[in-house]
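Student: Have a look at this one before I ask anything.
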Amino acid sequence: MAVSRLARLAAAAPVPVFAALGAGARGPVEELTLSDDVTLVDSPRHATVLLVVGAVPRSLIRPLSQVHDQLAHPRATAWWSSEEATLDPLPQATLIRAESDVVLAVGGLHAALLRGERASELDVLPDEPANPWRGLGANGQGGEGMMGGTPYGRPMAMTGEDRDGLPLDQLHLRLGPFLPAFPAGLVLDTVIQGDVLQECAVVGNPFERDELLGGALTATPPDPERTLAAMERARARHHLHGVARTLRLHGLDALARRTLALAMAPPDDGDRVRYLAHRLERSTALRWATEGVGRIDPSAAEAVGGIVARAAGWSSDARSDDPVYAELGFTPIFRHGSDAQARWRQRLAEAAQALDLAAAAGERRSDGAALELPWGDDDADRRLLDLLPGLLTGQELGDAMTTLDSLDLDLERVARAVARTERA
Amino acid sequence: MPLASVYANDWLAIPVLLAVVVGGVYLVSVLDELFGEVVSGSRPNLGRSLRLPVRQAALLLCQSATRTEHPDRILWPVAPAAYAALAAAGMAVIPFAEGFAVADVRTGIVVFGAAEVLTFVAVYLHGWSANAPLALIGGYRSLVQGFSFMLLSMFVLIGVALPARSLSVGQIVEAQSGLWNVVRHPLGLPLFLVVGLGAALWGPLRLPDSRELAGGTVGEVSGPQRLAWEFARRAMLVSYAVMAASAFLGGYLGPWLPGPVWLLGKSVAMLAVFVALGHLVGRVRPERFMAQAWTVLLPLSFLDILIAGVEALP
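Residue numbers (our numbering), protein chains in the order written: chain A, 121 to 544; chain B, 56 to 369.
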């Protein structure tokens, strides 16, 4: 009796969900933070439901299975997708169609698990070391003294000079592809000393030349037929989503929800966004955390384009050449700094500007020429990805995450750019 | 009178202390939820906020423990227990009413300081024993963070001991019958709150358990052990709130109402400040915070002790 009472209480708790992002999944997942009935958690260990979202490349199924096995019991998997397909190694996964109420569906799974109406999912992968024990010595400690050897196929940490000239242990660490602070599918091979990324390399792009299982939840390419007002509101939404993500990364969950609520129901002009920007710019902690972090050389920033360029002192914006925008009195906003702080401030300023433009645009349409996308142009992400290893190397892990977050990188857009080049 | 209170160890104070810890932890969770709703712009829902901590705790109790590859099976569960025990030990030296404390020893603030230093051992062990990289990095961070503000706490507490001419928390409270320490030397309380945030891994100083480390030291922990850890963090916050109320706001002293009511009110106010800071101040950057801690906060704590010393001259 006592147990079932406890289980009933537990079933009424908000569902801790760990989201594994596929293509076109980030926005819809972030909107879940506005729900009282779901909590997005940072680690699979804290979740009862593994929510796989969007289109998942087949090559990510194995890491996905590893994440699955890290969830504590009782656990269930749900797959939120616009198309039906099977995640064959995760056959227990419940499909949630894009148009249905995901909070309700996930809540149903959670309650059924805790009431014992649904069995907890078993491990997908065998519970054994990935490689055999290959250590040397009586305790398997390996080569020279306490160092060396390759227990379970992984080299022991060896010392190397760090930036202060001290010999410290180097840790070889693969980050991603489902780290919550990472863009979907990003995998970094790193060498870490203490908190510092000594080496950093991008491991492929799973969205290139890989079969995608299921369908993305959001269609990304903007529709040229839409009115200018709708396009600008979409731009504001995109940037507010990005700023909310930044705030969440810095532990400001409640302010992130407030920003996200603005994104979900864009106000009629930019005043509320400007007020938010004003308040955030006064935050010392946020300034400390982003000022001077992830600084991009201005000439490299110009080559990337978009927000990255305009946060580095360039006024390049494809909308400047458009007669309809000229009629509305559009001039690009830009600022100097070229760091993470300049980029989140730029995004807020452009979101406010976009809402003002939307208010002034009425029923106007642009002539359909290639306009500035919220993320610059179609190739911007590819150029960013090339910059990434150089940008992150030498940074502390926290700063590297701040930098990555400030770039609005999307590997699926990279894959589309690559595919376009190959067709051409 | 105060000499009598110095050795007044009351066995009844032990269940009271435990009730304060448990009640305080619950209150922190409720306040945190309510503040979060206010800051996010939604209407605060008191009923929901009151039920939520119980439901979340029940969920963690229903969840199984997970296991990493070769964790330290002994130290891993010991870490949250030690953390919570240190919070309770720190609180044991604080009198809840005149002459009513678990152990209002003559060296009260030394005991509190010792418990605070050992906190970082508990946090480091928590990160280390999981045998997982991100948790380990969280453990490293706790040490870096600890070194940069641990000194502050001792200087600030010595600042409140000077006017009382005693290290006993009871005496420190009694010495504020004329004027609260927060007025006498106003730098002390804000500096002490910074230390409290760090010791409880709360808000801007939640670096070892931060989001970009996927939960850091608590990232590999689930079920009852995670409940224990989250309980211990909040217990530490409660311990600092009660200490702040006693050392700077006159503790149980106050007119008309009974002493414990005053202490309760002041402690709840301090908890509210901690919780509000958690929602309004973002995670600090470790490098920047360390620099500021050594070059700004530490000199400020010297200034605080100087003011206290000059003020305490006969």
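Glycine included, each C-beta is placed from N, C-alpha and C at the ideal position. All of these numbers come straight from a predicted model, not from anything done at the bench.
Ignore the nearest five residues each way along the sequence and tell me which others in L348/A's own chain have a CB closer than 7 Å to its CB.
Tutor: Position 228 of the first sequence holds residue 348/A. The residues are V444, A481, R484, R485 and S486.
Student: Would you please state the rounded distance, in angstroms, between the beta carbons of V336/B and M146/B? I believe it to be under 8 Å.
Tutor: Walking along the second sequence from the start, residue 336/B turns up at place 281. Walking along the second sequence from the start, residue 146/B turns up at place 91. Not really, about 25 Å apart at Cβ, beyond 8 Å.
Student: Less than 8 Å between the C-beta atoms of V148/B and A156/B, yes or no?
Tutor: For the purposes of this step, residue 148/B is taken as the residue at position 93 of the second sequence. For the purposes of this step, residue 156/B is taken as the residue at position 101 of the second sequence. Their beta carbons are under 8 Å apart, which means V148/B touches A156/B by this criterion.
Student: Where do the ends of the beta strand (DSSP E) carrying E352/A lie?
Tutor: Mapped onto the first sequence, residue 352/A falls at position 232. Here E352/A belongs to no beta strand (DSSP E); instead the alpha helix (DSSP H) covers L348 to L369.
Student: For N100/B, collect the residues of the same chain with a Cβ closer than 7 Å to its Cβ; drop the 5 residues on either side in sequence, then sort them by chain order.
Tutor: On the second sequence, residue 100/B is found 45 positions in, with the first residue counted as 1. Result list for N100/B: E92, in chain order.
Student: Quick one: which residues of the segment 106-121 of chain B get their C-beta closer than 9 Å to a C-beta of chain A? List them in chain order.
Tutor: So the list reads R106, L107, V109, R110, Q111, A112, A113, L114, L115, L116, C117, Q118, S119, A120 and T121, given in the order they occur along the chain.
Student: Using a Cβ-based criterion (distance less than 7 Å to any ligand heavy atom), does W284/B qualify as near the ligand PLP?
Tutor: Only the bare structure without any ligand can be found here, which leaves the ligand PLP out of the picture.
Student: Taking Cβ positions, are G192/A and R266/B nearer each other than 8 Å?
Tutor: Against the first sequence, residue 192/A aligns to sequence position 72. Against the second sequence, residue 266/B aligns to sequence position 211. Going by the sequence as given, residue 192/A is Ala instead of Gly. For A192/A and R266/B, no; Cβs fall outside 8 Å.
Student: Assuming the contact rule is C-beta atoms closer than 8 Å, A385/A and A376/A should be a hit. Round their C-beta distance to whole Å, please.
Tutor: Here residue 385/A refers to the residue found at position 265 of the first sequence. Here residue 376/A refers to the residue found at position 256 of the first sequence. Contact doesn't hold; Cβ gap of about 16 Å is too wide.
Student: Identify whether L114/B lies in helix, strand or coil by the three-state DSSP scheme.
Tutor: Counted from its first residue, the second sequence places residue 114/B at position 59. Here L114/B sits in helix by DSSP.
Student: Check each candidate in G449/A, I416/A, L475/A and E422/A and name the one with the smallest Cα separation from A460/A.
Tutor: Walking along the first sequence from the start, residue 460/A turns up at place 340. For A460/A, the nearest C-alpha among the options comes from I416/A.
Student: If we call anything under 8 Å between Cβ atoms a contact, is W464/A one with R343/B?
Tutor: Stepping through the first sequence from its first residue, residue 464/A is reached at position 344. Stepping through the second sequence from its first residue, residue 343/B is reached at position 288. Not closer than 8 Å, so no.
Student: Please state whether DSSP places S122/B in a helix, a strand or coil.
Tutor: Position 67 of the second sequence holds residue 122/B. Residue 122/B is actually Arg in this sequence, not Ser. R122/B falls in the coil class under three-state DSSP.
Student: Starting from V365/B, trace the alpha helix (DSSP H) in both directions and tell me its first and last residue.
Tutor: Here residue 365/B corresponds to residue number 310 of the second sequence, with the count starting at 1. Note, V365/B: alpha helix (DSSP H), L353 to A367.
Student: With DSSP as the reference, please indicate the residues paired to F298/A in a beta bridge.
Tutor: As a first step, residue 298/A is located in the first sequence; it is residue number 178 there, counting from the start. Paired residue(s): none; F298/A is not in a bridge.
Student: Can you give me the C-alpha to C-alpha distance between L210/A and D221/A, rounded to a whole angstrom?
Tutor: The residue given as residue 210/A occupies position 90 in the first sequence. The residue given as residue 221/A occupies position 101 in the first sequence. About 22 Å.
Student: Name the one or two DSSP bridge partners that E401/A has.
Tutor: On the first sequence, position 281 is the one that residue 401/A refers to. DSSP output for E401/A lists no bridge partner at all.
Student: Using only the alpha-carbon positions, how far apart do P132/B and Y138/B sit?
Tutor: In the second sequence, counting from the first residue as 1, residue 132/B sits at position 77. In the second sequence, counting from the first residue as 1, residue 138/B sits at position 83. Near 11 Å, if we compare the C-alpha coordinates of Y138/B and P132/B.
Student: For D264/B and G193/B, which I take to be in contact (beta-carbon distance under 8 Å), what is that distance rounded to the nearest angstrom?
Tutor: In the second sequence, counting from the first residue as 1, residue 264/B sits at position 209. In the second sequence, counting from the first residue as 1, residue 193/B sits at position 138. Confirmed, about 6 Å.
Student: When DSSP labels each residue in this structure, what does V148/B get in the three-state scheme?
Tutor: Locating residue 148/B in the second sequence gives position 93, where the first residue counts as 1. DSSP places V148/B in coil when its eight states are reduced to three.
Student: Does the segment 102-117 of chain B come within contact of the segment 76-94 of chain B, defined as at least 3 CB pairs closer than 8 Å?
Tutor: In short, these stretches touch, since the Cβ pair count reaches three.
Student: Just the C-alpha distance for L468/A and P297/A, rounded to the nearest angstrom, thanks.
Tutor: Position 348 of the first sequence, counting from 1, holds the residue named residue 468/A. Position 177 of the first sequence, counting from 1, holds the residue named residue 297/A. If I take the Cα positions, the gap works out to 28 Å.
Student: Would you kindly report the start and end of the unbroken alpha helix (DSSP H) that includes D347/B?
Tutor: Locating residue 347/B in the second sequence gives position 292, counting from the first residue. According to the sequence provided, residue 347/B is Gln. The question's Asp does not apply to it. Per DSSP, Q347/B belongs to the alpha helix (DSSP H) from P341 to Q347.
Student: Would you say S203/B lies against chain A (beta-carbon separation less than 8 Å)?
Tutor: Residue 203/B sits at position 148 when you count from the first residue of the second sequence. Chain A contact via Cβ: absent.
Student: So within the segment 191-221 of chain A, which uninterrupted beta strand (DSSP E) runs reach at least 3 residues, ignoring any that extend past its ends?
Tutor: Entirely contained in the segment 191-221 of chain A, the beta strand (DSSP E) runs reaching 3 residues are, in chain order, 196-201 and 214-217.
Student: Do you know offhand how far P57/B's Cα is from A300/B's?
Tutor: Mapped onto the second sequence, residue 57/B falls at position 2. Mapped onto the second sequence, residue 300/B falls at position 245. Caution is warranted here: a pLDDT of 43 is assigned to P57/B, below 50, making its placement in the model unreliable, and the coordinate value is therefore given only provisionally. If I take the Cα positions, the gap works out to 19 Å.
Student: Using only the alpha-carbon positions, how far apart do H240/B and G309/B sit?
Tutor: Along the second sequence, read from residue 1 onward, the residue named residue 240/B stands at position 185. Along the second sequence, read from residue 1 onward, the residue named residue 309/B stands at position 254. The straight-line gap from Cα to Cα measures roughly 19 Å.
Student: So what's T153/A in DSSP terms, helix, strand or just coil?
Tutor: Reading the first sequence from its first residue, position 33 is the one you call residue 153/A. Note: T153/A maps to helix in three-state DSSP.
Student: If we define contact as Cβ-Cβ less than 8 Å, is G425/A a contact residue for chain B?
Tutor: Your numbering for residue 425/A matches position 305 in the first sequence. So no, G425/A is outside the interface.
Student: What are the residues in the segment 294-328 of chain A lying within 9 Å of chain B by C-beta distance?
Tutor: Listed in sequence order: L295, L299, P300, A301, I312, G314 and D315.
Student: What does the Cβ neighbour count give for A216/B, buried or exposed, with the cut at 16 atoms within 10 Å?
Tutor: Counted from its first residue, the second sequence places residue 216/B at position 161. Answer is buried; the Cβ neighbour count reaches 16.
Student: Please tell me whether G390/A and A472/A are closer than 8 Å, where the distance is taken between their beta carbons.
Tutor: Here residue 390/A refers to the residue found at position 270 when the first sequence is read from its first residue. Here residue 472/A refers to the residue found at position 352 when the first sequence is read from its first residue. The answer is yes: Cβ separation under 8 Å.
Student: By a C-beta neighbour count over all protein chains shown, 10 Å radius and 16 as the cutoff for buried, is H456/A buried or exposed?
Tutor: Your numbering for residue 456/A matches position 336 in the first sequence. With fewer than 16 Cβ atoms within 10 Å of its Cβ, H456/A is classed as exposed.
Student: Which residues, in chain order, does the segment 221-249 of chain B contribute to contact with chain A at a C-beta distance below 8 Å?
Tutor: Of all residues in the segment 221-249 of chain B, none has a Cβ within less than 8 Å of some Cβ in chain A.
Student: Residues of chain A with CB under 8 Å from S265/B, in chain order?
Tutor: Locating residue 265/B in the second sequence gives position 210, where the first residue counts as 1. Per Cβ cutoff of 8 Å: G371 and G518.
Student: Here's the rule I'm using: 16 or more other beta-carbon atoms within 10 Å means buried, otherwise exposed. How should Y374/B be labelled?
Tutor: Residue 374/B lies beyond the residue range present for chain B, which begins at 56 and ends at 369; the question has no answer from this structure.
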